[in-house]
Amino acid sequence: MINGKPVIGLTATTNYLPTNGEGPRMLALRICNTLAVAKGGGVPILSGEQCPEDFAQICDGLIFTGGPDVPPEFYDEKKLNETVRCDPIRDVYDKRLFDAFLKTEKPIFGICRGCQQLNVFFGGTLYQDIVEQCGWIHYSPHLFHYITTTEDSILCQLFGERFKVNSFHHQAIKDLASCFKATAYSVEGIIEAYEHKSLPVFATQFHPEMMATEYCDGRTADFQPIFNFFIRLTKEYAERPQLRNSVDLAELKKYLINTHSV
Ligand code: MN
């Protein structure tokens, strides 16, 4: 916490894929990520692919952001085809950061690749290429579809039972890790969001940061409230460390949603 605000770490993407790994390695992240965190009352900082344990100490909460595919070896599969493209350095670093962060039990929010990664880190599997394996096209910055949320989920409480989201993902969850509960589905049955059953960890397959505040173009709801909610949750955990052992997470989520105009 700094000046009463929680510090929110964000994983950075890199220039590995656009440059085929040639040339100096650089970090990058769409500004809509850090803007959504700042608007929600957090202090955004980018991970620099160094010192994962220290980074986990500095941060009160962590966002696993979007990016390239998750390596199939992480869930004991071989690469399905040439559309599966990974960033091996980021993959290794993100796993180290996850391991360090999990020990602290601080809140984590996964977005797109982050949603897939967390599922794999907790023991789940993925469709490597949903077009080839399922015949579904969910991969375009211009594509939107409806999702249906489950009762009492964060998404349902914030945005309702059915609403439109963007769809910019090459992979999708196949087997959901047993510690998670699916909280939103596409019409085909793709898991578009989940929440951890006991830890302050949740994820969306869609990209709320690309539809938040000034990035919301009116085709969808403004998704800033999910960032506001994550930052309130992070603040709650930072200010009351005893929550880690004793909290009724479902009640806390409801309380945070109902007592603030997120
Ligand atoms: Mn989708």
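The working numbering numbers the first residue of the sequence shown as 1 and each following residue consecutively. Virtual Cβ for every residue (Gly too), placed ideally from N, Cα, C.
In this structure the region 123-133 does not lie against the region 154-162, because fewer than three pairs of beta carbons, one per stretch, are closer than 8 angstroms. In the assembly as shown, Ala36 is a buried residue. Its beta-carbon has 16 or more other beta-carbons within 10 Å.
According to DSSP, residue pairing for Thr148 in a beta bridge involves Arg162 and Tyr185. Contact between Tyr255 and Lys106 is ruled out by a C-beta separation of about 19 angstroms, above the 8 angstroms threshold. Rounded to whole angstroms, the gap between the alpha carbons of Leu102 and Ile31 is 26 angstroms. Residue burial is scored here from C-beta neighbours: Ser198 has fewer than 16 other C-beta atoms within 10 angstroms and is therefore classed as exposed.
Our two residues, Val92 and Glu49, have alpha carbons roughly 9 angstroms apart in a direct line.
Taking every protein chain shown into account, the CB of His207 has 16 or more other CB atoms within 10 angstroms, so this residue is buried.
A residue is listed when its beta-carbon falls short of 5 angstroms from at least one non-hydrogen atom of ligand 1; in chain order these are His138 and Ser167. Within a 10 Å sphere around the beta-carbon of Lys174 sit 16 or more other beta-carbons, which makes this residue buried. Beta-bridge partners assigned by DSSP to Ile231: none are found. Residue pairing by DSSP puts Gly9 in a beta bridge opposite Ile45 and Leu62. In the DSSP secondary-structure assignment, Thr204 is bridged to Ile111 and Ala193. By the Cβ criterion, the region 180-190 is not in contact with the region 222-240, since fewer than three pairs of Cβ atoms, one from each stretch, lie closer than 8 angstroms. Of all alpha-carbon atoms in Met1, Gly4 and Leu10, the one lying nearest the alpha-carbon of Phe227 is that of Leu10.
Burial state of Lys253 is buried, judged by a 10 Å Cβ sphere holding 16 or more other Cβ atoms. Proximity of the region 216-231 to the region 80-100 falls short of the contact definition, fewer than three beta-carbon pairs being nearer than 8 angstroms. By the criterion of a C-beta distance shorter than 8 angstroms, Thr34 is surrounded in its chain by Leu10, Pro44 and Leu46, once the five residues flanking it on both sides are discounted.
As a beta-bridge residue in DSSP terms, Tyr127 pairs with Ala172. Of the residues assessed, Asp99 falls on the exposed side of the cut-off, its CB having fewer than 16 other CB atoms within 10 angstroms. In the structure shown, Thr14 falls within a strand segment according to DSSP collapsed to helix, strand and coil.
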